[in-house]
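Written below as structure tokens is the structure these notes are about.
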Amino acid sequence: MSRARRALAAGQESVRHKHLMLALVEADLTVPRGLIREHGESTGEHLSLTAYVTTCVARALAEVPELNAFRRGHSLVFLDEVIVEVLLERTIDGQPAVGYLPIRHADAKTLRQVHDEIRAGQAARHETIAGQQWLALIPPFAARPLMWWVRRSTRWALQLGVAGVNNLGMGTKVAGWGLSPGAGTLGVTIGGIGRRLAWQDGQLGEQEIAHLTLAFDHDVIDGAPAARFTERLVELLAGGEALRVLVGEDAASG
Numbered sequence: 000m001s002r003a004r005r006a007l008a009a010g011q012e013s014v015r016h017k018h019l020m021l022a023l024v025e026a027d028l029t030v031p032r033g034l035i036r037e038h039g040e041s042t043g044e045h046l047s048l049t050a051y052v053t054t055c056v057a058r059a060l061a062e063v064p065e066l067n068a069f070r071r072g073h074s075l076v077f078l079d080e081v082i083v084e085v086l087l088e089r090t091i092d093g094q095p096a097v098g099y100l101p102i103r104h105a106d107a108k109t110l111r112q113v114h115d116e117i118r119a120g121q122a123a124r125h126e127t128i129a130g131q132q133w134l135a136l137i138p139p140f141a142a143r144p145l146m147w148w149v150r151r152s153t154r155w156a157l158q159l160g161v162a163g164v165n166n167l168g169m170g171t172k173v174a175g176w177g178l179s180p181g182a183g184t185l186g187v188t189i190g191g192i193g194r195r196l197a198w199q200d201g202q203l204g205e206q207e208i209a210h211l212t213l214a215f216d217h218d219v220i221d222g223a224p225a226a227r228f229t230e231r232l233v234e235l236l237a238g239g240e241a242l243r244v245l246v247g248e249d250a251a252s253g
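In numbering that gives the first Met the number 0, the protein residues as written are 0 to 253.
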């Protein structure tokens with residue numbers, strides 16, 4: 000196992016005993032996927048779908064701040080800053096490598112800024128994200144108690160946040176959900192994207208539907224705020240506003 004793979008395994012120890020509340024959600028990405036294709040045809044640049052989802056997650060999280068918290072003993076600690084952790088998958092020396100990339104102040108950043116950060120993280124040639132190399136050095140017997148402490152560490156939360164995005168559907172043509180618990184209070188897993196016919200404005204048209212899994216730490220989040228967050232996230236994803244702004248700015252600068 001590579002250092003990066005050992006680091007990922009150590010990180011997963013933090014979710015072994017979480018009380019999860021899972022939601023399997025469909026999000027209409029017809030508009031944003033169309034904008035991504037149009038942008039690619041006009042500029043040759045392929046915009047990151049993960050960056051788009053991350054941007055929407057951050058903005059929804061800012062509107063439902065009850066989710067931006069974690070449990071520490073018998074208390075809940077709320078974060079002032081919205082940090083969304085993106086799980087990156089890369090290939091280094093012919094082997095798969097993973098890393099946790101925190102997007103800081105993610106709710107205040109444009110899609111272009113988030114996109115550039117993710118691309119830079121994917122292009123990095125070291126195995127683990129800077130500042131996280133120590134994860135690969137954890138011996139197996141120490142992983143569980145150490146990760147139990149990490150989950151309750153304010154310092155750790157201020158470094159990586161409590162929300163994460165993982166794109167399991169990247170590059171697959173299979174439409175379905177990917178079940179992943181995430182490492183924090185909120186985990187958003189992007190599954191496959193499928194097409195289906197639906198009536199829109201009196202006409203039959205094709206929709207592109209993303210299958211998302213939302214994992215909430217039920218010790219921190221109740222059903223009502225989880226439902227508000229889910230509803231708002233689906234609205235933001237379908238609307239494509241972050242993409243409209245980016246495409247408009249790139250067109251103006253070009």
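Think of the CB as a built atom: it goes at the ideal place given N, C-alpha and C, for glycine as much as any other residue.
**OP:** Pick out whichever of E88, E62 and G204 has its Cα sitting closest to the Cα of E224.
**Re:** Here residue 224 is Pro; the residue named in the question, Glu, does not match the sequence. Nearest neighbour of P224 by Cα position, chosen from E88, E62 and G204, turns out to be E62.
Subject >> Coil, strand or helix - I210 by DSSP >> reply: In the sequence as presented, Ile is not what sits at residue 210; that position holds His. In this structure, H210 counts as strand in the three-state DSSP scheme.
**OP:** Determine, using beta-carbon pairs with one atom in the segment 66-74 and one in the segment 230-239, whether at least three such pairs fall under 8 Å.
**Re:** Flag = no, the segment 66-74 and the segment 230-239 do not touch.
**OP:** Give the DSSP bridge partners of P101, in chain order.
**Re:** Under DSSP, P101 shares a beta bridge with E84.
Original post:
Buried or exposed: which applies to E40, given that a residue is buried once 16 or more other Cβ atoms fall within 10 Å of its Cβ?
Top reply: With fewer than 16 Cβ atoms within 10 Å of its Cβ, E40 is classed as exposed.
Original post:
Hey, out of A26, H18, G33 and L19, whose CA is closest to R243's CA?
Top reply: Cα-wise, what sits closest to R243 is G33.
**OP:** Would you list, in sequence order, the uninterrupted alpha helix (DSSP H) runs of no fewer than 4 residues that lie entirely inside the segment 7-79?
**Re:** DSSP runs (the alpha helix (DSSP H)) wholly in the segment 7-79: 29-42 and 48-62.
Subject >> Nearest-angstrom Cα separation, counted from A105 out to R58 >> reply: Here the alpha carbons of A105 and R58 stand approximately 8 Å from one another.
Original post:
Under 9 Å, do K117 and S47 count as touching if we go by C-beta distance?
Top reply: In the sequence as presented, Lys is not what sits at residue 117; that position holds Ile. Yes.
Subject >> Residues that DSSP places opposite Q273 in a beta bridge >> reply: Coverage of the chain is limited to positions 0 through 253, which leaves residue 273 absent and any answer about it impossible.
**OP:** Output the boundary residues of the alpha helix (DSSP H) element that contains A162.
**Re:** The continuous stretches of alpha helix (DSSP H) do not include A162, which lies in the beta strand (DSSP E) extending over residues A162 to N166.
Subject >> From I192, V76, Q199 and H217, residue whose alpha carbon lies closest to that of I208 >> reply: Nearest of I192, V76, Q199 and H217 to I208, Cα basis: I192.
Original post:
Hey, out of R151, W155 and E80, whose CA is closest to D218's CA?
Top reply: Comparing Cα-Cα distances from D218 to each of R151, W155 and E80, the minimum goes to R151.
Original post:
What residue from A162, T229, R111 and I189 has the CA that sits closest to V246's CA?
Top reply: Ranked by how close their Cα comes to the Cα of V246, the residues A162, T229, R111 and I189 have R111 in first place.
Original post:
What are the boundary residues of the alpha helix (DSSP H) that T229 is part of?
Top reply: Bounds of the alpha helix (DSSP H) holding T229 are G222 to G238.
**OP:** Assuming V24 contacts V233 (C-beta within less than 8 Å), just tell me the rounded distance between them.
**Re:** Going by Cβ atoms, the distance from V24 to V233 rounds to 6 Å, so yes, they are a contact pair.
Original post:
What separation, rounded to the nearest whole angstrom, lies between the Cα atoms of L167 and T49?
Top reply: C-alpha of L167 to C-alpha of T49: approximately 10 Å in a straight line.
Subject >> For T109, the three-state DSSP class (helix, strand or coil) >> reply: DSSP places T109 in the coil class of the three-state scheme, outside both helix and strand.
Subject >> Per-residue DSSP class, three states only, for D216 >> reply: DSSP places D216 in strand when its eight states are reduced to three.
**OP:** Determine the extent of the alpha helix (DSSP H) in which A156 is found, giving its start and end residues.
**Re:** Boundaries of the alpha helix (DSSP H) around A156: T153 to L159.
Subject >> 7 Å Cβ shell around V56 - same chain, five flanking residues per side excluded >> reply: Within the same chain, V56 has close Cβ partners V83, A162, V164, V187 and L232.
Original post:
DSSP state of G190, grouped into three classes?
Top reply: In the structure shown, G190 sits in a strand (DSSP, three-state: E or B).
Original post:
How long is the line joining the alpha carbons of A107 and G201, rounded to whole angstroms?
Top reply: Distance between the alpha carbons of A107 and G201 is about 37 Å.
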